[in-house]
Amino acid sequence: MCVQTRSEQFQTTIDAIPQPILVFDSHLKVCAANSALLTWLNRSLADLCGCSLSSLMPEAHAIPLVPDADTVYNVDLALLGHSVRVFSLRPIADTDCSLMALHATPLHTETVRDKIIQKFNLVVQSGQELSSTFDPDLIFERLYTILSRSMDCTTFLLSSYSADDQLIRCLHARHEGELLDLSVFPAIPLQRDNPHATQSLAIDTGKSLLINDFVAHTSGKTPTMYVDQDSKVYDGTDDEEDYTRSALIVPMRLDNQVVGVVQVQSYKLNAYTEDDLRFLEALAPQIAIVLQNASLHQRLQRYAAELEDRVAQRTHALEQALVNEKQLTEMKARFTSMLSHEFRNPLAGIQSALDLINLYGHRMTPEQQKERLQQIQAQVDRLKDMTEEVLFISRSDTVAVQLRLEAVDPFMLCQIIVNEMQPITPDHRLNLTLNGVPGSVLLDVKLCQQAISNLISNAVKYSPGRDHVDIAVTLDEKELCIAVCDSGIGIPEAELPHLFDTFYRASNVGGIAGTGLGLVVAKRAVEAHDGRLEVESHPGEGTIFRICLPARTA
(Lines of atoms letter the chains of each structure in order from A and count residues from 1; the text may use other names and numbers.)
(Lines give C-alpha, C1' and ligand atoms only; values in the text may rest on other atoms or scores of the structure.)
Protein backbone atom coordinates (compact mmCIF):
# COMPACT_ATOMS: atom_id res chain seq x y z
CA MET A 1 0.00 0.00 0.00
CA CYS A 2 1.40 3.42 -0.92
CA VAL A 3 1.16 6.03 1.82
CA GLN A 4 0.82 9.59 0.59
CA THR A 5 3.07 12.27 2.11
CA ARG A 6 1.56 15.43 3.49
CA SER A 7 2.70 17.31 0.38
CA GLU A 8 1.07 14.72 -1.87
CA GLN A 9 -2.15 14.92 0.15
CA PHE A 10 -2.18 18.71 -0.25
CA GLN A 11 -1.56 18.40 -4.00
CA THR A 12 -4.39 15.85 -4.28
CA THR A 13 -6.70 18.21 -2.39
CA ILE A 14 -6.12 21.24 -4.61
CA ASP A 15 -6.23 19.14 -7.80
CA ALA A 16 -9.82 18.20 -6.87
CA ILE A 17 -10.78 21.90 -7.04
CA PRO A 18 -12.07 22.79 -10.55
CA GLN A 19 -11.12 26.45 -10.11
CA PRO A 20 -7.48 27.47 -11.01
CA ILE A 21 -5.34 27.86 -7.85
CA LEU A 22 -1.80 29.15 -7.15
CA VAL A 23 -0.08 28.64 -3.79
CA PHE A 24 2.66 31.00 -2.51
CA ASP A 25 5.00 30.68 0.44
CA SER A 26 5.73 33.40 2.94
CA HIS A 27 8.20 34.95 0.44
CA LEU A 28 5.43 35.17 -2.18
CA LYS A 29 7.05 32.53 -4.37
CA VAL A 30 5.10 29.73 -6.07
CA CYS A 31 5.29 26.43 -4.22
CA ALA A 32 2.23 24.66 -5.69
CA ALA A 33 -0.50 24.90 -8.34
CA ASN A 34 -3.45 22.70 -9.19
CA SER A 35 -4.00 20.85 -12.45
CA ALA A 36 -6.84 23.20 -13.51
CA LEU A 37 -4.43 26.17 -13.57
CA LEU A 38 -1.63 24.22 -15.27
CA THR A 39 -3.99 22.98 -17.97
CA TRP A 40 -5.37 26.48 -18.56
CA LEU A 41 -1.85 28.04 -18.78
CA ASN A 42 -0.48 25.02 -20.66
CA ARG A 43 2.49 24.98 -18.23
CA SER A 44 4.07 22.39 -15.92
CA LEU A 45 4.48 22.78 -12.18
CA ALA A 46 8.26 22.93 -12.67
CA ASP A 47 7.79 26.01 -14.89
CA LEU A 48 6.06 27.86 -12.05
CA CYS A 49 7.66 26.64 -8.81
CA GLY A 50 10.08 29.17 -7.31
CA CYS A 51 8.77 32.05 -9.44
CA SER A 52 7.92 35.22 -7.56
CA LEU A 53 4.44 36.65 -7.56
CA SER A 54 5.68 39.86 -9.15
CA SER A 55 7.26 37.99 -12.08
CA LEU A 56 4.09 36.10 -12.80
CA MET A 57 1.71 38.95 -12.05
CA PRO A 58 3.44 42.33 -12.64
CA GLU A 59 0.38 44.17 -11.29
CA ALA A 60 0.29 42.16 -8.05
CA HIS A 61 1.37 45.26 -6.13
CA ALA A 62 -2.22 46.46 -6.63
CA ILE A 63 -3.35 43.73 -4.23
CA PRO A 64 -3.00 44.87 -0.58
CA LEU A 65 -1.79 41.59 0.96
CA VAL A 66 -2.97 40.97 4.52
CA PRO A 67 -1.01 38.12 6.14
CA ASP A 68 -2.85 35.54 8.25
CA ALA A 69 -6.30 36.74 7.17
CA ASP A 70 -8.98 35.71 4.66
CA THR A 71 -9.31 38.55 2.14
CA VAL A 72 -11.73 38.91 -0.80
CA TYR A 73 -10.48 41.04 -3.72
CA ASN A 74 -12.20 40.54 -7.10
CA VAL A 75 -9.32 42.34 -8.88
CA ASP A 76 -8.63 41.81 -12.59
CA LEU A 77 -4.92 41.13 -13.36
CA ALA A 78 -2.73 39.42 -15.93
CA LEU A 79 -1.08 36.06 -15.23
CA LEU A 80 1.62 35.16 -17.76
CA GLY A 81 -0.24 37.10 -20.40
CA HIS A 82 -3.60 35.54 -19.53
CA SER A 83 -6.40 37.60 -17.99
CA VAL A 84 -7.48 36.44 -14.55
CA ARG A 85 -9.65 37.64 -11.71
CA VAL A 86 -8.12 37.41 -8.24
CA PHE A 87 -10.92 36.44 -5.87
CA SER A 88 -9.17 36.00 -2.54
CA LEU A 89 -6.02 35.36 -0.56
CA ARG A 90 -6.24 33.14 2.49
CA PRO A 91 -3.75 31.49 4.85
CA ILE A 92 -3.56 27.69 4.78
CA ALA A 93 -3.97 26.19 8.22
CA ASP A 94 -1.83 23.48 9.78
CA THR A 95 1.35 24.37 7.89
CA ASP A 96 4.82 25.23 9.19
CA CYS A 97 5.09 28.12 6.78
CA SER A 98 2.92 31.15 6.22
CA LEU A 99 1.32 30.02 2.99
CA MET A 100 -1.37 31.84 1.07
CA ALA A 101 -3.60 30.48 -1.65
CA LEU A 102 -4.52 32.71 -4.56
CA HIS A 103 -7.85 31.68 -6.14
CA ALA A 104 -7.85 32.81 -9.73
CA THR A 105 -10.49 32.42 -12.47
CA PRO A 106 -9.97 33.20 -16.16
CA LEU A 107 -11.79 36.26 -17.41
CA HIS A 108 -14.29 35.70 -20.17
CA THR A 109 -12.86 35.58 -23.62
CA GLU A 110 -14.65 37.25 -26.47
CA THR A 111 -16.22 33.90 -27.45
CA VAL A 112 -17.50 33.34 -23.94
CA ARG A 113 -18.78 36.89 -23.74
CA ASP A 114 -20.63 36.42 -27.03
CA LYS A 115 -22.15 33.23 -25.67
CA ILE A 116 -23.31 35.01 -22.51
CA ILE A 117 -24.80 37.82 -24.57
CA GLN A 118 -26.61 35.26 -26.72
CA LYS A 119 -27.99 33.56 -23.60
CA PHE A 120 -29.08 36.92 -22.21
CA ASN A 121 -30.80 37.84 -25.46
CA LEU A 122 -32.43 34.42 -25.52
CA VAL A 123 -33.79 34.94 -22.00
CA VAL A 124 -35.18 38.37 -22.99
CA GLN A 125 -36.65 37.03 -26.24
CA SER A 126 -38.13 34.03 -24.43
CA GLY A 127 -39.77 36.27 -21.86
CA GLN A 128 -41.30 38.37 -24.64
CA GLU A 129 -42.62 35.26 -26.43
CA LEU A 130 -44.15 33.85 -23.25
CA SER A 131 -45.74 37.13 -22.14
CA SER A 132 -47.38 37.84 -25.52
CA THR A 133 -50.33 35.54 -24.80
CA PHE A 134 -52.69 34.65 -21.96
CA ASP A 135 -53.52 31.20 -23.34
CA PRO A 136 -51.95 28.60 -20.96
CA ASP A 137 -51.73 25.92 -23.67
CA LEU A 138 -49.90 28.32 -25.99
CA ILE A 139 -47.58 29.36 -23.13
CA PHE A 140 -46.71 25.72 -22.44
CA GLU A 141 -46.12 25.07 -26.15
CA ARG A 142 -43.82 28.07 -26.51
CA LEU A 143 -41.94 27.26 -23.31
CA TYR A 144 -41.26 23.71 -24.48
CA THR A 145 -40.03 25.01 -27.85
CA ILE A 146 -37.69 27.51 -26.14
CA LEU A 147 -36.20 24.91 -23.81
CA SER A 148 -35.89 22.20 -26.44
CA ARG A 149 -33.84 24.60 -28.59
CA SER A 150 -31.44 25.19 -25.70
CA MET A 151 -31.10 21.80 -24.00
CA ASP A 152 -32.22 18.18 -23.96
CA CYS A 153 -35.96 18.03 -23.18
CA THR A 154 -36.69 14.33 -23.38
CA THR A 155 -39.17 14.93 -20.55
CA PHE A 156 -40.57 18.34 -19.65
CA LEU A 157 -42.69 18.89 -16.56
CA LEU A 158 -44.27 22.01 -15.10
CA SER A 159 -45.89 21.84 -11.67
CA SER A 160 -47.64 24.25 -9.33
CA TYR A 161 -47.41 24.30 -5.57
CA SER A 162 -49.88 25.68 -3.04
CA ALA A 163 -48.67 26.46 0.46
CA ASP A 164 -52.28 26.29 1.68
CA ASP A 165 -52.73 22.55 1.09
CA GLN A 166 -49.03 21.76 0.48
CA LEU A 167 -49.86 19.82 -2.69
CA ILE A 168 -47.83 19.68 -5.90
CA ARG A 169 -50.00 19.55 -9.03
CA CYS A 170 -48.81 18.85 -12.56
CA LEU A 171 -49.79 21.64 -14.97
CA HIS A 172 -48.12 20.38 -18.15
CA ALA A 173 -46.17 17.28 -19.13
CA ARG A 174 -44.42 16.18 -22.32
CA HIS A 175 -42.34 13.17 -23.18
CA GLU A 176 -40.31 13.16 -26.37
CA GLY A 177 -42.47 16.04 -27.61
CA GLU A 178 -45.81 14.31 -27.02
CA LEU A 179 -48.36 15.72 -24.57
CA LEU A 180 -49.07 13.46 -21.61
CA ASP A 181 -52.46 12.91 -19.98
CA LEU A 182 -52.44 14.94 -16.75
CA SER A 183 -54.89 12.52 -15.14
CA VAL A 184 -51.99 10.10 -14.62
CA PHE A 185 -50.24 12.73 -12.49
CA PRO A 186 -52.22 12.97 -9.23
CA ALA A 187 -51.53 15.79 -6.80
CA ILE A 188 -48.76 14.74 -4.43
CA PRO A 189 -48.05 16.12 -0.96
CA LEU A 190 -44.84 17.96 -0.17
CA GLN A 191 -42.30 15.46 1.24
CA ARG A 192 -40.00 17.44 3.50
CA ASP A 193 -38.32 14.39 5.03
CA ASN A 194 -37.50 12.62 1.77
CA PRO A 195 -34.14 13.84 0.36
CA HIS A 196 -34.77 11.89 -2.86
CA ALA A 197 -38.12 13.62 -3.59
CA THR A 198 -36.55 16.12 -5.97
CA GLN A 199 -39.58 18.38 -6.54
CA SER A 200 -40.26 18.59 -2.81
CA LEU A 201 -36.57 19.30 -2.14
CA ALA A 202 -36.50 22.18 -4.64
CA ILE A 203 -39.73 23.63 -3.24
CA ASP A 204 -38.77 23.20 0.42
CA THR A 205 -35.26 24.65 0.07
CA GLY A 206 -36.03 27.10 -2.72
CA LYS A 207 -32.83 25.94 -4.43
CA SER A 208 -32.32 24.50 -7.90
CA LEU A 209 -31.07 20.98 -8.53
CA LEU A 210 -28.59 20.04 -11.25
CA ILE A 211 -28.58 16.24 -11.33
CA ASN A 212 -26.32 14.56 -13.87
CA ASP A 213 -26.65 11.08 -12.41
CA PHE A 214 -30.24 10.61 -11.34
CA VAL A 215 -29.78 7.02 -10.16
CA ALA A 216 -26.92 7.96 -7.86
CA HIS A 217 -28.85 10.96 -6.54
CA THR A 218 -32.07 9.13 -5.76
CA SER A 219 -30.43 5.96 -4.44
CA GLY A 220 -27.66 7.63 -2.51
CA LYS A 221 -25.18 5.16 -4.02
CA THR A 222 -22.31 5.71 -6.39
CA PRO A 223 -22.78 3.63 -9.54
CA THR A 224 -20.17 0.99 -10.40
CA MET A 225 -17.86 2.08 -13.23
CA TYR A 226 -16.36 -0.27 -15.80
CA VAL A 227 -13.62 -0.03 -18.44
CA ASP A 228 -14.06 -1.95 -21.71
CA GLN A 229 -11.33 -3.41 -23.92
CA ASP A 230 -11.01 -0.10 -25.74
CA SER A 231 -10.36 1.71 -22.44
CA LYS A 232 -13.80 3.38 -22.62
CA VAL A 233 -15.28 4.13 -19.20
CA TYR A 234 -19.01 3.42 -18.73
CA ASP A 235 -21.42 2.91 -15.82
CA GLY A 236 -22.55 -0.62 -16.65
CA THR A 237 -26.11 0.43 -17.63
CA ASP A 238 -27.47 -0.09 -21.11
CA ASP A 239 -27.52 3.37 -22.69
CA GLU A 240 -30.38 2.33 -24.92
CA GLU A 241 -32.65 1.71 -21.93
CA ASP A 242 -35.07 4.59 -21.50
CA TYR A 243 -34.96 6.05 -18.02
CA THR A 244 -34.02 9.38 -16.54
CA ARG A 245 -30.31 9.87 -15.99
CA SER A 246 -30.04 13.68 -15.80
CA ALA A 247 -32.40 16.41 -14.64
CA LEU A 248 -32.68 20.13 -14.03
CA ILE A 249 -35.23 21.06 -11.35
CA VAL A 250 -35.76 24.78 -10.74
CA PRO A 251 -38.28 26.33 -8.31
CA MET A 252 -40.49 29.17 -9.54
CA ARG A 253 -40.99 32.12 -7.19
CA LEU A 254 -43.55 34.88 -6.83
CA ASP A 255 -43.34 37.45 -4.04
CA ASN A 256 -40.56 35.44 -2.36
CA GLN A 257 -42.71 32.33 -2.25
CA VAL A 258 -42.20 29.14 -4.24
CA VAL A 259 -45.26 28.62 -6.42
CA GLY A 260 -44.10 25.74 -8.58
CA VAL A 261 -41.31 23.82 -10.25
CA VAL A 262 -40.07 23.61 -13.84
CA GLN A 263 -37.95 20.62 -14.73
CA VAL A 264 -36.38 18.95 -17.74
CA GLN A 265 -35.07 15.39 -17.85
CA SER A 266 -32.76 13.42 -20.16
CA TYR A 267 -31.87 9.78 -20.77
CA LYS A 268 -28.22 10.81 -21.00
CA LEU A 269 -25.65 11.10 -18.21
CA ASN A 270 -24.21 14.60 -17.66
CA ALA A 271 -26.76 16.06 -20.09
CA TYR A 272 -26.88 19.48 -18.44
CA THR A 273 -24.32 22.17 -17.59
CA GLU A 274 -24.19 25.09 -15.20
CA ASP A 275 -25.08 27.31 -18.17
CA ASP A 276 -28.27 25.30 -18.71
CA LEU A 277 -29.10 25.68 -15.03
CA ARG A 278 -28.49 29.44 -15.06
CA PHE A 279 -30.61 29.82 -18.20
CA LEU A 280 -33.52 27.93 -16.63
CA GLU A 281 -33.12 29.87 -13.38
CA ALA A 282 -33.27 33.13 -15.33
CA LEU A 283 -36.39 31.94 -17.13
CA ALA A 284 -38.23 30.51 -14.08
CA PRO A 285 -39.37 33.87 -12.58
CA GLN A 286 -40.72 34.93 -15.97
CA ILE A 287 -42.58 31.63 -16.29
CA ALA A 288 -44.14 32.16 -12.86
CA ILE A 289 -45.23 35.71 -13.76
CA VAL A 290 -46.61 34.67 -17.15
CA LEU A 291 -48.61 31.80 -15.61
CA GLN A 292 -49.94 34.10 -12.89
CA ASN A 293 -51.00 36.65 -15.53
CA ALA A 294 -52.69 33.89 -17.54
CA SER A 295 -54.52 32.70 -14.42
CA LEU A 296 -55.61 36.25 -13.58
CA HIS A 297 -56.71 36.77 -17.18
CA GLN A 298 -58.80 33.58 -17.08
CA ARG A 299 -60.36 34.64 -13.78
CA LEU A 300 -61.09 38.06 -15.26
CA GLN A 301 -62.68 36.44 -18.31
CA ARG A 302 -64.80 34.17 -16.11
CA TYR A 303 -65.83 37.14 -13.99
CA ALA A 304 -66.65 39.16 -17.13
CA ALA A 305 -68.67 36.22 -18.48
CA GLU A 306 -70.49 35.94 -15.16
CA LEU A 307 -71.22 39.65 -15.24
CA GLU A 308 -72.49 39.33 -18.81
CA ASP A 309 -74.70 36.43 -17.76
CA ARG A 310 -76.01 38.43 -14.81
CA VAL A 311 -76.66 41.44 -17.02
CA ALA A 312 -78.38 39.20 -19.58
CA GLN A 313 -80.47 37.57 -16.85
CA ARG A 314 -81.37 40.92 -15.30
CA THR A 315 -82.13 42.32 -18.76
CA HIS A 316 -84.28 39.31 -19.56
CA ALA A 317 -86.03 39.59 -16.20
CA LEU A 318 -86.62 43.30 -16.80
CA GLU A 319 -87.90 42.64 -20.32
CA GLN A 320 -90.15 39.87 -18.98
CA ALA A 321 -91.39 42.21 -16.26
CA LEU A 322 -92.17 44.82 -18.91
CA VAL A 323 -93.95 42.19 -21.01
CA ASN A 324 -95.88 41.02 -17.95
CA GLU A 325 -96.76 44.59 -17.07
CA LYS A 326 -97.90 45.20 -20.63
CA GLN A 327 -99.96 42.01 -20.59
CA LEU A 328 -101.43 42.95 -17.23
CA THR A 329 -102.31 46.41 -18.54
CA GLU A 330 -103.92 44.87 -21.61
CA MET A 331 -105.76 42.35 -19.43
CA LYS A 332 -107.04 45.14 -17.20
CA ALA A 333 -108.20 47.03 -20.28
CA ARG A 334 -109.96 43.93 -21.63
CA PHE A 335 -111.47 43.22 -18.22
CA THR A 336 -112.71 46.81 -17.95
CA SER A 337 -114.19 46.58 -21.45
CA MET A 338 -115.82 43.25 -20.57
CA LEU A 339 -117.30 44.72 -17.38
CA SER A 340 -118.59 47.77 -19.21
CA HIS A 341 -120.33 45.67 -21.85
CA GLU A 342 -120.95 42.07 -20.82
CA PHE A 343 -121.88 42.80 -17.21
CA ARG A 344 -123.60 46.13 -17.79
CA ASN A 345 -125.81 44.85 -20.62
CA PRO A 346 -127.48 42.08 -18.54
CA LEU A 347 -127.93 44.52 -15.68
CA ALA A 348 -129.49 47.02 -18.09
CA GLY A 349 -131.86 44.28 -19.34
CA ILE A 350 -132.81 43.38 -15.79
CA GLN A 351 -133.33 47.02 -14.89
CA SER A 352 -135.47 47.58 -18.02
CA ALA A 353 -137.70 44.57 -17.26
CA LEU A 354 -138.13 45.63 -13.63
CA ASP A 355 -139.03 49.16 -14.68
CA LEU A 356 -141.71 47.83 -17.05
CA ILE A 357 -143.16 45.64 -14.32
CA ASN A 358 -143.12 48.45 -11.77
CA LEU A 359 -144.69 51.01 -14.10
CA TYR A 360 -147.06 48.91 -16.15
CA GLY A 361 -147.42 45.69 -14.21
CA HIS A 362 -151.03 46.44 -13.37
CA ARG A 363 -151.82 46.66 -17.07
CA MET A 364 -149.97 43.45 -18.05
CA THR A 365 -151.56 40.11 -18.54
CA PRO A 366 -150.11 37.18 -16.57
CA GLU A 367 -148.38 35.97 -19.73
CA GLN A 368 -146.69 39.36 -20.25
CA GLN A 369 -145.50 39.46 -16.64
CA LYS A 370 -144.14 35.91 -16.95
CA GLU A 371 -142.27 36.90 -20.12
CA ARG A 372 -140.60 39.85 -18.34
CA LEU A 373 -139.62 37.62 -15.39
CA GLN A 374 -138.13 35.07 -17.79
CA GLN A 375 -136.06 37.87 -19.35
CA ILE A 376 -134.80 38.83 -15.89
CA GLN A 377 -133.99 35.18 -15.10
CA ALA A 378 -132.09 34.78 -18.38
CA GLN A 379 -129.94 37.83 -17.63
CA VAL A 380 -129.33 36.64 -14.07
CA ASP A 381 -128.25 33.24 -15.43
CA ARG A 382 -125.93 35.00 -17.86
CA LEU A 383 -124.33 37.02 -15.04
CA LYS A 384 -124.05 33.89 -12.94
CA ASP A 385 -122.28 32.01 -15.75
CA MET A 386 -119.80 34.85 -16.30
CA THR A 387 -119.11 35.11 -12.57
CA GLU A 388 -118.50 31.37 -12.31
CA GLU A 389 -116.10 31.51 -15.26
CA VAL A 390 -114.12 34.35 -13.64
CA LEU A 391 -113.99 32.43 -10.32
CA PHE A 392 -112.98 29.19 -12.09
CA ILE A 393 -110.08 30.94 -13.85
CA SER A 394 -109.02 32.65 -10.61
CA ARG A 395 -109.01 29.37 -8.67
CA SER A 396 -107.16 27.47 -11.42
CA ASP A 397 -104.43 30.12 -11.38
CA THR A 398 -103.56 29.26 -7.78
CA VAL A 399 -104.85 25.73 -7.11
CA ALA A 400 -104.90 22.67 -9.36
CA VAL A 401 -108.36 21.87 -10.69
CA GLN A 402 -109.93 19.01 -8.72
CA LEU A 403 -111.66 16.45 -10.96
CA ARG A 404 -114.78 14.47 -10.03
CA LEU A 405 -114.49 11.60 -12.44
CA GLU A 406 -117.30 9.26 -13.37
CA ALA A 407 -117.97 6.83 -16.19
CA VAL A 408 -119.80 8.69 -18.97
CA ASP A 409 -120.91 7.90 -22.52
CA PRO A 410 -119.37 10.90 -24.41
CA PHE A 411 -121.87 10.64 -27.26
CA MET A 412 -124.82 10.80 -24.84
CA LEU A 413 -123.16 13.71 -23.00
CA CYS A 414 -122.81 15.67 -26.25
CA GLN A 415 -126.38 14.75 -27.21
CA ILE A 416 -127.68 16.23 -23.96
CA ILE A 417 -125.69 19.43 -24.52
CA VAL A 418 -126.96 19.77 -28.10
CA ASN A 419 -130.57 19.18 -26.97
CA GLU A 420 -130.21 21.95 -24.36
CA MET A 421 -128.59 24.45 -26.72
CA GLN A 422 -130.60 23.86 -29.88
CA PRO A 423 -133.74 25.74 -28.63
CA ILE A 424 -131.71 28.86 -27.83
CA THR A 425 -129.86 28.80 -31.19
CA PRO A 426 -132.77 28.69 -33.65
CA ASP A 427 -130.73 30.19 -36.52
CA HIS A 428 -128.13 27.35 -36.49
CA ARG A 429 -128.65 23.65 -36.85
CA LEU A 430 -126.41 21.66 -34.48
CA ASN A 431 -125.33 18.48 -36.29
CA LEU A 432 -123.98 15.73 -34.01
CA THR A 433 -122.19 12.66 -35.40
CA LEU A 434 -120.52 9.66 -33.73
CA ASN A 435 -117.43 7.92 -35.09
CA GLY A 436 -116.07 4.75 -33.60
CA VAL A 437 -117.56 2.33 -31.11
CA PRO A 438 -119.81 3.75 -28.35
CA GLY A 439 -118.45 3.30 -24.85
CA SER A 440 -117.84 4.95 -21.49
CA VAL A 441 -114.81 6.95 -20.33
CA LEU A 442 -113.95 8.65 -17.04
CA LEU A 443 -114.79 12.37 -17.20
CA ASP A 444 -115.68 15.28 -14.95
CA VAL A 445 -119.16 15.87 -16.36
CA LYS A 446 -119.50 19.47 -15.20
CA LEU A 447 -116.13 20.58 -16.61
CA CYS A 448 -116.71 18.77 -19.90
CA GLN A 449 -120.20 20.26 -20.28
CA GLN A 450 -118.74 23.72 -19.65
CA ALA A 451 -115.93 23.25 -22.19
CA ILE A 452 -118.14 21.76 -24.94
CA SER A 453 -120.92 24.31 -24.37
CA ASN A 454 -118.44 27.20 -24.63
CA LEU A 455 -117.06 25.88 -27.93
CA ILE A 456 -120.54 25.38 -29.42
CA SER A 457 -121.65 28.81 -28.16
CA ASN A 458 -118.60 30.46 -29.78
CA ALA A 459 -119.18 28.54 -33.04
CA VAL A 460 -122.73 29.84 -33.21
CA LYS A 461 -121.79 33.37 -32.12
CA TYR A 462 -118.93 33.83 -34.59
CA SER A 463 -120.67 32.38 -37.64
CA PRO A 464 -123.45 34.90 -38.25
CA GLY A 465 -125.43 34.30 -41.40
CA ARG A 466 -124.49 30.62 -41.46
CA ASP A 467 -127.05 27.92 -40.76
CA HIS A 468 -125.19 25.06 -39.07
CA VAL A 469 -122.45 23.97 -36.64
CA ASP A 470 -121.02 20.42 -36.79
CA ILE A 471 -120.07 18.45 -33.67
CA ALA A 472 -118.21 15.15 -34.25
CA VAL A 473 -117.41 12.67 -31.44
CA THR A 474 -114.67 10.09 -32.13
CA LEU A 475 -113.74 7.42 -29.60
CA ASP A 476 -111.09 4.70 -29.89
CA GLU A 477 -109.07 2.68 -27.40
CA LYS A 478 -106.62 5.48 -26.67
CA GLU A 479 -108.33 8.81 -27.17
CA LEU A 480 -111.64 10.66 -27.13
CA CYS A 481 -111.87 13.53 -29.64
CA ILE A 482 -114.73 16.06 -29.79
CA ALA A 483 -114.51 18.45 -32.76
CA VAL A 484 -116.66 21.60 -33.09
CA CYS A 485 -116.60 23.04 -36.61
CA ASP A 486 -118.13 26.26 -37.93
CA SER A 487 -117.92 28.19 -41.20
CA GLY A 488 -117.78 31.62 -39.57
CA ILE A 489 -115.41 34.61 -39.52
CA GLY A 490 -112.34 32.61 -38.52
CA ILE A 491 -109.33 33.83 -36.51
CA PRO A 492 -106.31 35.79 -37.88
CA GLU A 493 -103.22 33.54 -37.88
CA ALA A 494 -101.06 36.08 -35.99
CA GLU A 495 -103.57 36.13 -33.12
CA LEU A 496 -103.80 32.35 -32.60
CA PRO A 497 -100.98 32.30 -29.95
CA HIS A 498 -102.98 34.75 -27.80
CA LEU A 499 -106.31 33.01 -28.26
CA PHE A 500 -106.27 31.42 -24.81
CA ASP A 501 -105.12 34.55 -22.91
CA THR A 502 -107.59 35.71 -20.29
CA PHE A 503 -110.04 38.33 -21.61
CA TYR A 504 -108.41 38.23 -25.05
CA ARG A 505 -110.62 38.63 -28.10
CA ALA A 506 -109.61 38.54 -31.75
CA SER A 507 -109.40 41.80 -33.63
CA ASN A 508 -112.04 40.77 -36.22
CA VAL A 509 -114.94 40.13 -33.82
CA GLY A 510 -116.38 43.60 -34.43
CA GLY A 511 -119.50 44.21 -32.37
CA ILE A 512 -120.10 40.57 -31.47
CA ALA A 513 -120.52 40.35 -27.69
CA GLY A 514 -118.12 38.23 -25.65
CA THR A 515 -116.06 38.09 -22.45
CA GLY A 516 -112.80 36.51 -23.63
CA LEU A 517 -113.25 33.83 -20.95
CA GLY A 518 -114.95 30.94 -22.71
CA LEU A 519 -111.86 29.52 -24.45
CA VAL A 520 -109.73 29.99 -21.33
CA VAL A 521 -112.23 27.98 -19.28
CA ALA A 522 -112.43 25.29 -21.99
CA LYS A 523 -108.64 24.93 -22.24
CA ARG A 524 -108.12 24.64 -18.49
CA ALA A 525 -110.94 22.12 -18.19
CA VAL A 526 -109.37 20.02 -20.94
CA GLU A 527 -105.86 20.27 -19.46
CA ALA A 528 -107.22 19.20 -16.08
CA HIS A 529 -108.07 15.90 -17.81
CA ASP A 530 -104.45 15.69 -19.15
CA GLY A 531 -105.84 16.49 -22.57
CA ARG A 532 -105.22 19.17 -25.17
CA LEU A 533 -107.33 21.75 -26.98
CA GLU A 534 -106.33 22.22 -30.62
CA VAL A 535 -107.44 24.94 -33.02
CA GLU A 536 -107.36 25.24 -36.79
CA SER A 537 -108.70 28.40 -38.38
CA HIS A 538 -108.76 30.37 -41.64
CA PRO A 539 -110.17 33.92 -41.70
CA GLY A 540 -113.43 34.03 -43.63
CA GLU A 541 -113.65 30.26 -43.88
CA GLY A 542 -114.29 29.04 -40.37
CA THR A 543 -112.70 27.41 -37.33
CA ILE A 544 -112.32 23.89 -35.91
CA PHE A 545 -111.70 23.30 -32.20
CA ARG A 546 -110.75 19.77 -31.11
CA ILE A 547 -110.91 18.51 -27.54
CA CYS A 548 -108.59 15.50 -27.24
CA LEU A 549 -108.78 13.52 -23.99
CA PRO A 550 -107.21 10.22 -22.92
CA ALA A 551 -109.80 7.44 -23.08
CA ARG A 552 -109.58 6.34 -19.45
CA THR A 553 -111.94 3.62 -18.33
CA ALA A 554 -113.02 2.52 -14.89
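So the mapping is simple: my numbering equals the position in the sequence shown, first residue as 1, plus 253. The beta carbon of each residue, even a glycine, is placed where N, CA and C say it ideally should be.
- Under the three-state reduction of DSSP output, residue 753 falls in the coil class, being neither helix nor strand.
- For residue 524, there is no enclosing alpha helix (DSSP H), as DSSP marks it with neither H nor E.
- Exposed is the label assigned to residue 665, since fewer than 16 other Cβ atoms lie within 10 Å of its Cβ.
- In the DSSP secondary-structure assignment, residue 761 is not bridged to any residue.
- Between the beta-carbon of residue 726 and that of residue 712 there is about 15 Å, and that puts the pair past the 8 Å contact cut.
- Excluding sequence positions up to five before and after residue 384, its CB lies within less than 6 Å of the CB of 543, all in the same chain and listed in chain order.
- At a cut-off of 4 residues, the continuous stretches assigned as alpha helix (DSSP H) that sit fully inside the stretch 646-682 are 663-674.
- Judged by their CB atoms, residue 769 and residue 716 are not nearer to each other than the 8 Å cut-off.
- The stretch 702-710 makes contact with the stretch 728-744: 3 or more CB pairs, one atom from each, lie closer than 8 Å.
- Taking one beta carbon from each stretch, the stretch 657-671 and the stretch 679-695 have 3 or more pairs nearer than 8 Å; the two touch.
- Taking a 10 Å sphere around the C-beta of residue 451, we find 16 or more other C-beta atoms and assign the residue as buried.
- Remark: C-beta atoms of residue 465 and residue 524 approach each other more closely than 8 Å.
- Under the DSSP definition of a beta bridge, residue 282 partners with 305.
- Taking the Cβ atoms as the reference, residue 786 lies roughly 6 Å from residue 800, within the contact range of under 8 Å.
- DSSP places residue 438 outside any beta strand (DSSP E), giving it a letter other than H or E.
- Distance check between residue 378 and each of 730, 614, 536, 635 places 536 closest, using alpha-carbon atoms only.
- In this structure residue 670 is buried. Its beta-carbon is surrounded by 16 or more other beta-carbon atoms within 10 angstroms.
- Going by DSSP, residue 790 is part of the beta strand (DSSP E) stretching over 785-791.
- Shown here for residue 386: same chain residues with a beta carbon closer than 7 Å to its own, the five before and five after excluded, namely 392 in chain order.
- For residue 415 and residue 511, the gap between their C-alpha atoms comes out near 9 Å.
- Looking at the DSSP output, residue 727 bridges to 688, 734.
- At a Cβ-Cβ threshold of 8 Å, residue 758 and residue 771 do not count as neighbours.
- Taking C-beta atoms as the reference points, residue 748 and residue 760 count as a pair closer than 8 Å.
- With respect to the C-alpha of residue 806, the residue from 444, 731, 724 having the closest C-alpha is 731.
- In this structure residue 292 is not in contact with residue 408, their Cβ atoms being roughly 35 Å apart against a cut-off of 8 Å.
- Sixteen is the threshold: when 16 or more other Cβ atoms of the shown chains lie within 10 Å of the Cβ of residue 517, as they do, the residue is buried.
- Residue 441 places its beta carbon less than 8 Å from that of residue 420.
- Within 10 angstroms of the beta-carbon of residue 570 lie fewer than 16 other beta-carbons, which makes it exposed.
- Residue state for residue 616 is assigned as helix, using DSSP reduced to three classes.
- Sorting 430, 431, 437, 287 by C-alpha distance to the C-alpha of residue 422 places 437 at the top.
- Going by DSSP, residue 297 is part of no beta strand (DSSP E) at all; its letter is neither H nor E.
- Ranked by how close their Cα comes to the Cα of residue 411, the residues 428, 763, 268 have 428 in first place.
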